[in-house]
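Read through the structure below, which is laid out as structure tokens, and then see the notes.
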Amino acid sequence: SVVRLILQFLKENNLSNSFSVLQEESQVSLNTVDDPEMFKSNIIEGNWDKVFEELNSVQMPSKNLVDLFEHVFYELMEIGEVGTARSVLRQTDPMIVLREIDPDRYLKLEYMLAKHTFDPSQAYQGTTKEKRRRDIAQKLTSQMEVVEPSRLLTLLGQAIKFNKENGILSKETSALDIFKGENATSGSDEERIPSVNYANIKFAPGSFAESGCFSPNGSFFVTGSADGFIEVWNIQTGQLRTDLEYQAKENFMIMENHVTALRFAKDNVTLASGSNQGELSIWNVQTGKLYKTSRPHLKGIT
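Residue numbers (the numbering used here): 155 to 456.
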């Protein structure tokens, strides 16, 4: 989900407060760890502080968490950390769940705590501490989803690539306003009188522009000429856009008469062109493909 993408981004960028608030308010858990193999290794090696830190972003079945916290309780008792063991037993959610679903098993732990004694045979029941760690590590990691890192940034990159390949964004600029979904502009958004001449466009001898327009997002600038040519230009250099394959191969969009009107659709790719003889054509500016042509008017289209 989108929330999980954002949670992963917050966690990877150490925005722990924002991560906790979003997880609490959305009631959505990331349910993955940065490195499942490292998480498993930390359990096997008994690095419990690192294990619990990772579990903050993971939803686990109660039974598996009960097994984990019970085992940690035993290890704390084994090394004489009675106070910490008491906190684990009486103040953690998994142990509260254990008290409700299996009172006898819980009372066994309370008895051990009260006696301040540790019996490995009673705690590990015919197995070893190391074997118990491996079993718990396997159970926990099997419940986790393995997800590639930086998924949000990866998806944004794929979206930008798609938009550039489909002409929604210009391929010729690396500056992008991701929030607005358009090529970034420098300076204030306040509209001002044009004062800078970016480039001059020169047409073939005997030809001249009769119409021109920008796509809504500014990715394309197109002119229509008296000789019927419809051309897409780089406004920074004044040269034809040769990143468009059809223009690089000189397979231009062409009408039979003067191109007197041009207008883009909101998708920034579909272009309508009109001629002085009433001809109307619909094009894909990204590919140069002609979708449709007709003559709906007796007089010119302007």
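All C-beta atoms, glycine included, are put in the ideal place defined by N, C-alpha and C.
Only a predicted model underlies this, so the values are computations on that prediction, with no experimental measurement involved.
Listed in chain order, the non-local C-beta contacts of Leu230 below 7 Å within the same chain comprise Thr238, Ala239, Val242, local neighbours out to five positions each way being set aside.
For Val376, the enclosing beta strand (DSSP E) has its first and last residue at 375 to 379.
For Met231, the three-state secondary structure derived from DSSP is helix. Under the rule that a run must span 3 or more residues, the beta strand (DSSP E) segments found entirely inside the segment 348 to 372 read 363 to 368.
The alpha-carbon separation between Ser427 and Gly372 amounts to approximately 18 Å.
The C-beta of Ser296 has fewer than 16 other C-beta atoms within 10 Å across all chains shown, which makes the residue exposed.
Only residues of its own chain outside the window of five on either side were considered, and among them Ser435 have a CB closer than 6 Å to the CB of Thr447, listed in chain order. Contact check for Asn405 against Gly382 fails: the beta carbons are separated by 8 Å or more.
A straight-line Cα-Cα distance of about 39 Å links Phe368 and Asn167. Of the candidates Val376, Phe375, Ser216, Pro303, the residue whose Cα lies closest to the Cα of Leu159 is Pro303. Excluding its 5 nearest sequence neighbours in each direction, Trp202 has C-beta neighbours in its own chain below 6 Å: Val226, listed in chain order.
Ile389 and Phe418 have their alpha carbons spaced roughly 17 Å apart. Annotated three-state conformation of Lys446 is strand, per DSSP. Taking the Cβ atoms as the reference, Leu161 lies roughly 4 Å from Leu184, within the contact range of under 8 Å. In this structure Ser379 is buried. Its beta-carbon is surrounded by 16 or more other beta-carbon atoms within 10 angstroms.
The residue from Pro274, Ser195, Ser174, Ser365 with its alpha-carbon nearest to that of Gly454 is Ser365. The shortest C-alpha to C-alpha distance from Lys204 to any of Pro359, Phe193, Gln213, Phe163 is the one to Phe193. Taken through DSSP and simplified to helix, strand or coil, Asp221 comes out as helix. In the three-state scheme derived from DSSP, where H, G and I count as helix and E and B as strand, Ser216 is classed as helix.
The continuous alpha helix (DSSP H) containing Arg305 extends over residues 305 to 319.
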